Structure formats: structure tokens, C-alpha cells
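In the numbering used here, the protein residues as written are 2 to 147. By construction, the Cβ of each residue, glycine as well, lies at the ideal position given by its N, Cα and C atoms. None of these values were measured; they are calculated from a predicted model.
The following block contains the structure:
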């Protein structure tokens, strides 16, 4: 399903830059949540009501999305509060280690001028969609967004 593809130095630096930007934006969101900034600066209280969540799916449909609670879950993980980490989004116990492994692999491969290429794109898409649906169902059934 995957293969290693040789890339140029320029492409490797671009990959490292993109990964670093994603990490920085994620840490900024955990440190300074967007909803809190909007509420403090503009008095914003949610897209369609007075909700405590920035998630459009939760605000509009009343059900959590796949990623609802992950920021709070990560903040709890940083404080080594594993019970709260699982409380906000049960799938976080899979997402964070898997994300760490994938990001580490991408960065390490970029230092050797390689990237991961997807051979069977359609099959990979089906696997990813199935994983998102399962994560969503678990978050709806067991996650706590309030």
C-alpha cells in the first residue's frame, strides 16, 4: 500500500517545514484555544448559539465530530492526566501515539530525502474513511464534549 519515493533536498525541506508548521499551529491551538480568543476579543459565543465548542458540527447538529475534544484531551495529556485525556475523546489513546509515529517517520525519512508514497490510493482512501467513521462513532458514544 505504501512505498518510499526518492525526493530532492528542496522537497525534503518543504516537507519538514509543513510538518513543523502543523505542529506549531496545533500547540498554539492547545495553548490559546481559538474559541477563547474569539470570546475574549470579540465577545463571540459560537456559530449558532451560546456553545462552549468551536466545532461547527457540534454547534449545528448537536453531535460531536471525529475530532471533538482532542484539544482538551491533548492539554490533559500534557499534564499527564490520562483519565481526562480518555474522558474528552476516547480515540485519543490511539490518535496521539499513531500521529507521533507517523510524524516521526515522515521527518526521519525527509532527512534521507525520501517520502512515503501511496500505491493503492483508492484502497487507502477506503481505509481512512472507515477509520474516521469508527472514530466518530466511538466519540459519539463515549466522548464527553460538555
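Paired residues, beta bridge with residue i - DSSP
i: residue 3; result: 119
Rounded separation between residue i and residue j - CA only
i: residue 81; j: residue 29; result: 19 angstroms
i: residue 7; j: residue 26; result: 28 angstroms
i: residue 139; j: residue 75; result: 17 angstroms
i: residue 63; j: residue 5; result: 42 angstroms
i: residue 235; j: residue 85; result: An answer regarding residue 235 cannot be provided, because it is not within the stretch 2 to 147 covered by the chain.
i: residue 101; j: residue 61; result: 31 angstroms
i: residue 136; j: residue 73; result: 17 angstroms
i: residue 67; j: residue 126; result: 16 angstroms
i: residue 1; j: residue 145; result: Lying before the first or after the last residue shown, residue 1 is absent from the chain, which here runs from 2 to 147.
i: residue 65; j: residue 107; result: 30 angstroms
i: residue 96; j: residue 133; result: 11 angstroms
Extent of the continuous alpha helix (DSSP H) run through residue i
i: residue 98; result: 93-112
i: residue 62; result: 57-62
i: residue 10; result: 10-32
i: residue 67; result: Per DSSP, residue 67 belongs to no alpha helix (DSSP H) and is neither H nor E.
Exposure of residue i, with buried meaning 16 or more beta-carbon neighbours within 10 Å
i: residue 105; result: exposed
i: residue 78; result: buried
i: residue 70; result: buried
i: residue 2; result: exposed
i: residue 98; result: exposed
i: residue 49; result: Caution applies to residue 49, whose pLDDT of 46 falls short of 50 and renders its modelled position unreliable; the model cannot decide the point.
Contact test: residue i Cβ vs the ligand FMN heavy atom, cutoff 7 angstroms
i: residue 131; result: Among the ligands in the structure shown, none appear at all, so the ligand FMN cannot be discussed.
**Study point:** Inter-stretch contact (C-beta, 8 angstroms, three-pair minimum) for the stretch 102-121 and the stretch 9-27
**Key:** Enough Cβ pairs lie closer than 8 angstroms, so yes.
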